[in-house]
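Keeping their order, the protein sequence lines are chains Y and P. Those letters in the first sequence? Residues 113 to 674, by our numbering. Those letters in the second sequence? Residues 113 to 674, by our numbering. Where is the CB? At the ideal position from N, CA and C, for every residue including glycine. Keep in mind that this is a model prediction, so the values were computed, not measured.
There are 2 protein chains.
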Amino acid sequence: MNPPAVKVKSTLAYLRKLFIMPDSPDKFIEFGHELLEMIHDFFQEKGGIHSSITLPELSRIFEQTAVPDEPVLIKDVLAEIRSKIIDHSVKVGSPYYIGHMTSAIPYFMILLEMIIAALNQNQVKIETAKASSFVERELVSWLHRLVFGRTDAFYKRHVQNPKVALGNVTSDGSLANLTALLVAREKAFPPDGIFPGLRMAGVEAAMRHYGYGRAVILVSTRGHYSIKKAAGVLGMGEENVLNIPVDANNRMDVRKLRLRVRRLCRPEEKTRIIAIVGIAGTTETGNVDELHKLGEICRETGAHFHVDACWGGAAMLVDEYRPLFKGIERADSVAVDAHKLLYCPMTMGLVLFRSEKDLQLIRHSSQYVIRRNSVDTGRFTIEGSRPFACLKPWASLKIIGKEGYGLLFRQARKLTGNLKDILDNCGNFETLNVPELFILTYRFIPERVREQLAAWGEALPDTDDKTSVKDMDRKIRKINRLINGLNVKLHKALRRDDTTFVSRTTLESTRYAPQNIVVLRAVLVNPLTSMQTLKEIVSTQNRIGLQLWRDFEPAYERMLKG
Amino acid sequence: MNPPAVKVKSTLAYLRKLFIMPDSPDKFIEFGHELLEMIHDFFQEKGGIHSSITLPELSRIFEQTAVPDEPVLIKDVLAEIRSKIIDHSVKVGSPYYIGHMTSAIPYFMILLEMIIAALNQNQVKIETAKASSFVERELVSWLHRLVFGRTDAFYKRHVQNPKVALGNVTSDGSLANLTALLVAREKAFPPDGIFPGLRMAGVEAAMRHYGYGRAVILVSTRGHYSIKKAAGVLGMGEENVLNIPVDANNRMDVRKLRLRVRRLCRPEEKTRIIAIVGIAGTTETGNVDELHKLGEICRETGAHFHVDACWGGAAMLVDEYRPLFKGIERADSVAVDAHKLLYCPMTMGLVLFRSEKDLQLIRHSSQYVIRRNSVDTGRFTIEGSRPFACLKPWASLKIIGKEGYGLLFRQARKLTGNLKDILDNCGNFETLNVPELFILTYRFIPERVREQLAAWGEALPDTDDKTSVKDMDRKIRKINRLINGLNVKLHKALRRDDTTFVSRTTLESTRYAPQNIVVLRAVLVNPLTSMQTLKEIVSTQNRIGLQLWRDFEPAYERMLKG
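Quick look at the structure:
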């Protein structure tokens with residue numbers, strides 16, 4: 113596939129030349145130019161989103177099991193990257209790729225990555241990150257203020273106060289959630305007399321000291337899997353993440369939360385509620401919990417109130433979205449991802465704490481870095497070495513600005529509405545959530561089947577005949593199972609077709625609750641996606657869906673009769 | 113400082129143009145070119161390593177507390193980055209910067225970062241990372257084989273086997289260590305009958321089920337702070353990381369380890385040893401534990417054997433360093449950083465598990481990504497979204513190659529020897545560790561003081577007079593405290609001078625053990641550092657040291673007499 117690589121004779125002089133600070137940047141520019149053409153071609157290229165190569169074929173390309181012996185020229189490795197990697201990468205920037213939160217990014221992000229790599233600062237300590245430590249604190253202040261809106265004096269005092277941290281830049285949202293729950297855990301089991309706190313003594317000693325038999329975290333059934341994972345990592349136990357059901361709009365059912373909390377707070381339960389987690393933009397449907405109500409319950413029970421706003425948080429930049437987040441300003445901590453609605457490349461998360469005191473609970477130090485009296489940001493993070501990733505949102509909040517993000521989100525909202533209209537007009541689709549933040553879930557369902565289910569659904573409340581209700585209900589469930597199978601098949605067929613991409617999940621919170629419904633999921637954040645793109649996507653899905661339906665129709669007929 | 117920024121009118125058309133896939137890459141090339149000149153200037157610029165600006169002055173540059181309101185042109189933000197950030201960044205690539213593990217990187221790394229950002233793959237799942245998932249597995253196999261050297265059949269079976277993971281690419285070494293200890297914790301408290309395992313049930317239930325009162329992790333006093341931090345995060349308690357003293361060569365004292373293990377294993381202790389952590393390249397001194405002996409003790413006690421090779425691991429690429437790592441192939445897990453001896457930019461860690469079964473213990477799944485039967489690498493990681501960082505070591509192992517890394521490490525070793533010679537020849541320095549992996553610790557101590565301490569040190573064993581021994585000992589300790597103060601002052605003065613940089617730490621493991629000795633610490637990995645550079649660094653330290661000594665000398669004279 114590639115021409116045989118030129119043999120390289122390694123010498124120290126050759127290697128030294130590879131290290132930066134060349135006398136002239138010509139060589140660099142030359143490669144850079146080539147590379148840009150290469151990247152450009154990749155994006156222009158028609159063909160599939162995921163490349164047509166199969167996974168077994170890819171396995172055979174990458175099956176070298178040991179470190180290669182011979183060095184290779186940069187240009188040969190770049191050619192190899194082109195043919196083996198770039199050609200078989202996922203075109204996440206394609207306007208037809210509307211299945212995940214990963215999307216197109218502004219091209220200046222690539223320039224920023226060049227700066228970050230060239231400076232190679234390590235955010236862990238001031239000795240390896242001078243201005244960049246200050247940039248990080250400034251960015252944290254911006255977002256902290258956006259979320260919590262504390263007083264001007266508060267921010268003036270703390271924006272560059274090295275004694276405290278208002279938040280951490282993390283490697284991603286999972287680490288942001290983990291950091292928040294780590295702090296929540298410490299707050300629930302703090303030092304007390306000779307007891308040095310959970311962090312020092314461990315979970316077992318902490319529970320014993322405080323006389324609890326169990327410590328739990330509450331989140332809705334839409335909670336991101338990282339919450340459960342965090343509970344496992346933190347030694348609280350995944351089983352102790354209690355999922356509260358959601359309403360038809362995918363928001364935590366506050367009444368059920370209240371009941372659950374009341375039961376857990378009975379003395380005989382010996383249970384400490386460490387945290388209640390609200391979601392501001394669920395991963396599957398983009399809906400937002402009623403944060404102000406959750407906050408109230410947290411204050412009543414003394415639980416830490418964390419908001420997972422990894423997906424939706426950045427929408428607070430735009431005034432018209434603020435009401436959705438009502439109550440977030442009373443949260444104890446909030447997680448936001450830069451690589452989602454801030455349109456930064458992979459990856460960067462942020463966790464912000466309302467109180468400047470909270471991160472002190474997990475402060476640590478060592479002799480050689482992050483000394484106790486240092487100004488090093490690494491004193492507060494779960495990660496150790498960290499890149500200067502914060503430059504990306506810092507610069508992009510300047511370049512795109514609040515105004516620009518407003519335009520992008522309005523466009524995303526419009527596209528979400530457009531897609532809903534196109535699907536509704538087609539007839540063979542059913543939309544299954546009321547989108548708040550640019551995520552629409554729906555499924556393929558031939559018109560007559562959809563109408564039949566709707567007719568039964570309308571008839572049900574008026575029917576007195578219990579046998580008939582039971583029968584209709586059984587039929588609805590049976591047909592939904594059939595349509596579930598159809599949508600799984602459709603999703604797989606769309607992956608094979610590969611000209612468009614949406615993702616797939618299973619929801620219990622649709623109009624058919626509590627039955628699990630397989631849904632297609634579109635995330636509409638790419639500003640290069642147009643009305644025309646969406647029409648093509650739906651038309652492809654409809655065409656393939658109808659083809660597949662032929663295999664399902666006989667079973668459907670039998671169900672109607674049976 | 114900057115010219116007033118041009119006012120930008122945001123429109124969707126303007127914003128769309130910022131997103132990649134431009135019709136021609138001209139604009140990009142233009143900015144890219146400018147940027148490279150900017151970066152180039154930064155590295156060529158003489159002046160200080162950390163820039164002379166004070167931290168309070170920097171605070172005033174970055175004191176905007178809210179998200180800026182108005183958008184700004186890319187070129188204006190780049191100019192701002194230049195004057196505010198690049199000019200005040202730490203020149204970690206400078207040959208005179210020999211204080212931390214952060215160093216110069218080969219320039220092709222910047223090209224690779226461009227590719228990574230442009231492709232914007234998210235390694236969490238195959239739908240957002242096609243070829244890149246295979247690259248990651250291939251890289252993991254390379255390093256796994258390097259460390260564990262299992263059979264060819266083993267690697268052929270597993271290199272691209274999506275059912276297992278031989279290791280994870282992590283955001284950094286701290287996360288690599290955390291992942292290893294998470295697995296170790298699960299192995300110590302696995303599912304058992306109706307008990308679903310620690311991860312599901314939590315630490316308290318696990319200890320209760322297995323009848324333990326305590327679970328501990330053992331590491332030497334040279335252990336990286338991330339081990340303690342991990343024990344805190346995992347809910348085991350930082351207090352339960354037990355530090356075993358080191359010998360004069362900064363290696364864990366195996367005799368003391370054995371004694372400690374024996375005591376801990378007494379039934380009345382009710383203690384589970386979760387893991388023993390060996391270090392392959394301590395952060396402070398670069399020395400390597402006797403891994404084969406540690407492994408033996410682990411096998412006897414059933415503890416997980418983790419090796420923190422974040423610093424030294426990559427040295428295994430070179431045959432002459434393999435003997436240092438003897439026994440690592442029997443470890444259960446090994447952590448290695450790419451941004452250290454693999455010369456990648458910030459940041460990327462790796463954790464490798466000898467058994468393909470170990471990572472199954474922390475496998476997780478969800479409905480919308482990382483489905484149970486998927487091939488997604490995200491099923492095994494603590495992080496969620498992850499960048500395509502593995503491209504950097506993958507490409508650099510091809511470009512630099514084993515041979516090239518060999519040359520780089522040989523050069524590093526030579527420089528370490530050179531620095532020791534220069535310091536010894538100067539007279540006013542004392543070196544304090546026997547370097548194995550490119551880290552030298554030493555201190556400034558005027559020749560006559562050094563000789564006096566040496567004379568007493570030699571006399572001590574021959575002296576029968578107990579009063580005299582006590583007196584000499586007291587004097588040595590007093591003078592060491594004085595010299596400690598001198599070296600703290602010297603380090604601060606060097607930071608102010610800022611033409612050179614070494615770091616500083618405190619060691620109890622020098623020839624003055626157990627007294628704490630303040631040491632300067634040089635990490636000699638930059639291939640652009642030369643003999644001449646080192647001479648200048650030492651001459652600067654000697655000059656400033658002698659100046660400072662004047663203030664300390666009177667106290668020294670009093671001590672001699674007193």
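The segment 381–390 of chain Y makes contact with the segment 287–299 of chain Y; the number of CB pairs closer than 8 Å reaches 3 or more.
Judged by pairs of C-beta atoms under 8 Å, the segment 524–543 of chain P touches the segment 649–662 of chain P, as three or more such pairs exist. Contact annotation: E350/P and M458/Y have beta-carbon atoms that are not nearer than 7 Å. The Cβ atoms of I217/Y and N232/P lie closer than 7 Å to each other. For the C-beta of R257/P, the chain Y residues within less than 9 Å are, from N- to C-terminus, T177, A178, V179. Per DSSP, the unbroken beta strand (DSSP E) holding E542/Y starts and ends at 541–543. Remark: C-beta atoms of G657/P and L602/P approach each other more closely than 7 Å.
Between the C-alpha atoms of R269/P and A327/P there is a straight-line separation of about 35 Å.
The beta carbon of Q653/P does not come within 7 Å of any beta carbon belonging to chain Y, so the residue lies off that interface.
Listed in chain order, the non-local C-beta contacts of R249/Y below 7 Å within the same chain comprise V271, Q272, local neighbours out to five positions each way being set aside. Secondary structure note for A387/P: its beta strand (DSSP E) is the uninterrupted segment 383–391. Think of a sphere of 7 Å around the beta carbon of F220/Y: the chain P residues whose beta carbon falls inside it are L130, I186, in chain order. The CB of H416/P never comes closer than 8 Å to any CB in chain Y; the least such distance is about 16 Å.
A check of alpha carbon separations from E432/Y across V366/Y, E548/Y, A501/Y identifies E548/Y as the nearest. It is roughly 23 Å from the alpha-carbon of L190/P to the alpha-carbon of T166/P. Distance from the CA atom of S651/P to the CA atom of D610/P, rounded to whole angstroms, is 14 Å. Chain-order list of chain P residues neighbouring V247/Y: F174, I197, by C-beta distance under 7 Å.
Listed by position along chain P, the residues whose Cβ is nearer than 9 Å to that of Q272/Y are L167, P168, L170, S171, R172, F174, E175.
Approximately 18 Å separates the beta-carbon atoms of V635/P and F556/P; this is outside 8 Å, ruling out the contact. Pairing V448/P with K242/Y gives a Cβ-Cβ distance that is not under 7 Å. The three-state secondary structure of F417/Y, taken from DSSP, is strand.
With contacts defined by Cβ atoms closer than 7 Å, F492/Y and L471/Y form a contacting pair. In terms of Cα proximity to A343/Y, the closest of M226/Y, L287/Y, G144/Y, I306/Y is L287/Y.
The count of Cβ pairs closer than 8 Å, one atom from the segment 304–323 of chain Y and one from the segment 483–499 of chain Y, stays below three, leaving the stretches out of contact. The CB of V487/P comes closer than 8 Å to the CB of L167 in chain Y, given here in chain order.
Q523/Y counts as buried, since at least 16 other C-beta atoms from the protein chains shown sit within 10 angstroms of its C-beta. Just so you know, the alpha carbons of M460/P and E239/P end up roughly 22 Å apart.
Of the candidates Y624/P, K604/P, Q564/P, E620/P, the residue whose Cα lies closest to the Cα of E669/P is Q564/P. The count of Cβ pairs closer than 8 Å, one atom from the segment 197–212 of chain P and one from the segment 627–644 of chain P, reaches three, so the stretches are in contact. By the Cβ neighbour-count rule, I595/Y is buried, with 16 or more other Cβ atoms within 10 Å of its own.
About 4 Å separates the beta carbon of V430/Y from that of G518/Y, a gap short enough to meet the 8 Å contact definition. For G490/P, same chain residues with a beta-carbon under 6 Å away, outside a window of 5 residues either side, are V236, K237, I482 in chain order. Nearest CB-CB separation between V276/P and chain Y: not below the 7 Å threshold. For G347/P, no pairing in a beta bridge is given by DSSP. For M643/Y, the CB contacts under 7 Å within the same chain, skipping 5 residues up- and downstream, are N530 in chain order.
For W254/P, the C-beta contacts it makes with chain Y under 9 Å involve Q176, T177, A178, V179, P180, in order along the chain.
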